[in-house]
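Per the numbering used here, the very first residue in the sequence shown carries number 34; after that it's consecutive. C-beta atoms are modelled at their ideal positions from N, C-alpha and C, and glycine is treated no differently. The model shown is predicted, which means the values in this text are computed figures rather than measured ones. Below is one structure, written out as structure tokens, with a few remarks after it.
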Amino acid sequence: MRSTEPSVGTATPAPPVPEAPGTTGAPDTVGASPAEGQKLPMAALLALAVAVFITSLTETLPAGLLPEMSSSLHTSESAAGQTVTIYALGTVLTTIPLSAATAGWSRKRLLLAAMGGFAVANTVTVVSSNYPLTLAARFLAGVAAGLAWALLAGYARRMVAPALEGRAIAIAMAGIPLALSVGVPAGTFLGRVASWQMAFLVMTVLTVLLLVWITAIVPDYPGQERGGKIPVRSTLKVPGVTAVLFVMLVFVLAHTILYAYIASFLDHVGMGDRTDAVLLVFGVACLVSIWVVGTYIQGHLRSLTVASTLLVGVAVAVLGAFSGTHALVYVAAALWGLGWGGVPTLLQTAAGQAGGDAADAAQAILVVLWNVAMAGGGIIGGLLLNSSGAGPLPWTVFGLLVPVLAVVVAARVHGFPGRRALDAG
Numbered sequence: 034m035r036s037t038e039p040s041v042g043t044a045t046p047a048p049p050v051p052e053a054p055g056t057t058g059a060p061d062t063v064g065a066s067p068a069e070g071q072k073l074p075m076a077a078l079l080a081l082a083v084a085v086f087i088t089s090l091t092e093t094l095p096a097g098l099l100p101e102m103s104s105s106l107h108t109s110e111s112a113a114g115q116t117v118t119i120y121a122l123g124t125v126l127t128t129i130p131l132s133a134a135t136a137g138w139s140r141k142r143l144l145l146a147a148m149g150g151f152a153v154a155n156t157v158t159v160v161s162s163n164y165p166l167t168l169a170a171r172f173l174a175g176v177a178a179g180l181a182w183a184l185l186a187g188y189a190r191r192m193v194a195p196a197l198e199g200r201a202i203a204i205a206m207a208g209i210p211l212a213l214s215v216g217v218p219a220g221t222f223l224g225r226v227a228s229w230q231m232a233f234l235v236m237t238v239l240t241v242l243l244l245v246w247i248t249a250i251v252p253d254y255p256g257q258e259r260g261g262k263i264p265v266r267s268t269l270k271v272p273g274v275t276a277v278l279f280v281m282l283v284f285v286l287a288h289t290i291l292y293a294y295i296a297s298f299l300d301h302v303g304m305g306d307r308t309d310a311v312l313l314v315f316g317v318a319c320l321v322s323i324w325v326v327g328t329y330i331q332g333h334l335r336s337l338t339v340a341s342t343l344l345v346g347v348a349v350a351v352l353g354a355f356s357g358t359h360a361l362v363y364v365a366a367a368l369w370g371l372g373w374g375g376v377p378t379l380l381q382t383a384a385g386q387a388g389g390d391a392a393d394a395a396q397a398i399l400v401v402l403w404n405v406a407m408a409g410g411g412i413i414g415g416l417l418l419n420s421s422g423a424g425p426l427p428w429t430v431f432g433l434l435v436p437v438l439a440v441v442v443a444a445r446v447h448g449f450p451g452r453r454a455l456d457a458g
């Protein structure tokens, strides 16, 4: 619930981390930098979009399948929800050290290794009837996600001329809203009519096909010279960076608390058989949100972030107060998607702008904290589900959004500047 990547992802998997400083400037020995005016390499960029789709969907797929997974694995729904948590932990614990260890690898080799990890992890998840083994497979998937998310945005950027970088990254990141709008509802439907294992088996098949696609189409680029480090402390001292990271951490935490257990919440309100439909409404609204943010983010980052926070706040308030009216649940899902869909783009952009010369480091910190928030949301949501049931989940989210809105409003000069502050800068 990322997104992936953060650039990714992510279930929306978390936003991705641009490659470390020095990577994009390295001389390309295998794929030459394109000249200005060159057309977008759509086949290669779409392969990256499918990789983003797979990473985001693998992370968020359990959200719609918790009742089926808990029954098959002979555990509670809150325990089944920890399959989202352990995925996020795999990313948190390994992204920075593994990215450093593989910095010298060619980009194509690293992407193939990461996606191969997804194929293995999802296959083990399919065949496992043992809860600890399933958790181990999900942890492996999270490790693979960390490698992929740290790679994909920079990979897309290196395929095109500087003037086309934004469009290239947008195409590659299209896998995130597609995972939310199509993947999760389709996986939920497949899990109900066939089995939850079948949904993960489809993921394995897609990944194998993608490995062939990458091998045949995607150009290769060299890695970076070893020795680069992420200056965490100095980056956190840059004005605005801490504000953006706080907003990201709490906003993603709040979202995950409810999203990871949405199937359980819908069961609670008598709509368990409509989980796929509710997620479809949410996902389509996310696509609309992505389009709106992509169109108006230039000069409107602050107002869009405020609007996103308010929309999600209204959505969860409606879920908390009027969930007995099923039509309003669909309305709330649409408002939630409209608010949430553009959040990864907004926060990634805010981190890059606030970071300035330390933008790459800010993005690296962001992707790690994004997955910390997802893991925390899975744990807190599970504890609430066990202790108080699903009813308090929306109100918990609402309470967490209050400090998010306060920080966004307060960070008017650095972090989430308005048009006037941008013009003055």
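Item                                                                                                                         : Value
His288 classed as buried or exposed, judged by whether at least 16 other C-beta atoms fall within 10 angstroms               : buried
Every unbroken alpha helix (DSSP H) within the stretch 174-246, with a cutoff of 4 residues, ordered by chain                : 198-206, 208-211 and 217-226
Whole-number beta carbon distance between Pro252 and Ala77, since they are thought to touch under 8 Å                        : 6 Å
Buried or exposed (CB count within 10 angstroms, at least 16 for buried), Ala196                                             : exposed
Residues of its chain near Leu269, where Cβ-Cβ distance is below 7 Å and the 5 sequence neighbours each way are ignored      : Thr275
Beta-carbon gap between Val321 and Val442 smaller than 8 Å                                                                   : no
Contact set for Val325: own chain, Cβ-Cβ below 6 Å, skip 5 residues either direction                                         : none
Segment contact, 8 Å Cβ cut-off, at least three pairs: the stretch 305-316 with the stretch 205-219                          : yes
Same chain only: Cβ atoms within 8 Å of Tyr164, ignoring 5 sequence neighbours per side                                      : Leu106, His107, Thr108 and Ala112
Inter-residue CB distance, Val125 and Glu92 (contact presumed, cutoff 8 Å)                                                   : Not quite, the Cβ-Cβ distance comes to about 12 Å (not below 8 Å), so this is no contact.
Among Phe431, Leu242, Arg307 and Leu434, the one whose alpha carbon lies nearest that of Gly149                              : Leu242
Supposed contact pair Leu143 and Leu180 - C-beta distance, whole angstroms, cut 8 Å                                          : 6 Å
Nearest-angstrom Cα separation, counted from Val83 out to Gly296                                                             : It should be noted that the sequence gives Ala, not Gly, for residue 296. Computed Cα separation, rounded: 25 Å.
Simplified DSSP state of Asn163, which is helix, strand or coil                                                              : coil
Rounded straight-line distance, which links the Cα of Arg140 to that of Arg191                                               : 10 Å
Segment contact flag, the stretch 340-356 with the stretch 425-434, C-beta cutoff 8 Å, min 3 pairs                           : yes
Reduced DSSP category for Met407 - H, G, I as helix; E, B as strand; rest coil                                               : helix
Leu211 burial status per 10 Å Cβ neighbour count (16 or more: buried)                                                        : buried
Rounded distance between the beta-carbons of Leu166 and Ala154, thought under 8 Å                                            : About 11 Å separates the two Cβ atoms, so there is no contact after all.
Assigned secondary structure, Met304 (DSSP; H/G/I helix, E/B strand, else coil)                                              : coil
Given 8 Å, three or more beta-carbon pairs between the stretch 366-377 and the stretch 334-348                               : yes
Option in Leu379, Ala232 and Leu145 with minimal Cα separation from Tyr329                                                   : Leu379
Beta-carbon proximity check, Ala406 vs Val285, cutoff 8 Å                                                                    : yes
CA-to-CA distance, Ala147 to Ala391, given in whole angstroms                                                                : 26 Å
Buried/exposed call for Val435, threshold 16 Cβ in 10 Å                                                                      : exposed
Uninterrupted beta strand (DSSP E) stretches inside the stretch 330-415 (no shorter than 3 residues)                         : none
Beta-carbon contacts of Asn404 that lie in its chain and below 6 Å, excluding the five residues immediately before and after : Ala47, Ala121, Thr124 and Val125
Per-residue burial, Asp306 [other beta carbons within 10 Å of its own, 16 or more giving buried]                             : exposed
Cβ shell of Gly461 (< 8 Å), same chain only, five flanking positions each side left out                                      : Because the chain in this structure spans residues 34 to 458, residue 461 falls outside the shown range and cannot be described.
Selected residue, minimal CA-CA separation from Gln186, among Gly409, Ala201, Val176 and Phe279                              : Correcting the residue type first, residue 186 is Ala in the shown sequence and not Gln. It is Ala201.
Proximal residues to Trp138 (C-beta, below 7 Å), its chain only, five neighbours per side dropped                            : Gly256
Where Asp253 sits in the DSSP three-state scheme                                                                             : coil
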